[in-house]
């Protein structure tokens with residue numbers, strides 16, 4: 001993810017994904033953090049949607065807390 005167009009593509013697909021409460025696309029760190037309600041889109045669904053933008057995912061993590069699920073994804077440059 002090397003430009004505003006890349007981060008814009010990820011932003012657009014996440015805005016359309018039902019169940020996403022909030023997200024942060026950070027171009028500098030090449031990270032995307034997605035927060036959903038428990039029962040929202042699965043980790044695999046989030047990865048799949050981001051992957052459809054053509055961005056290569058190099059790492060991914062899922063954190064489960066009280067009624068919230070946070071997924072963090074690192075994209076390749």
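In UniProt numbering, the protein residues as written are 1 to 77. Even for Gly, the Cβ is constructed at its ideal location relative to N, Cα and C.
Which value, in whole angstroms, describes the spacing of the CA atoms of residue 32 and residue 25?
5 Å
How about residue 19 and residue 36: are their beta carbons less than 7 Å apart?
yes
One question on the structure: do residue 60 and residue 69 come within less than 7 Å of each other, judged by their Cβ atoms?
No.
Measure the CB-CB distance between residue 34 and residue 49 and report whether it falls below 7 Å.
No, the pair does not count as a contact, with Cβ atoms beyond the cut-off.
Across which residues does DSSP place residue 75 in a beta bridge pair?
57
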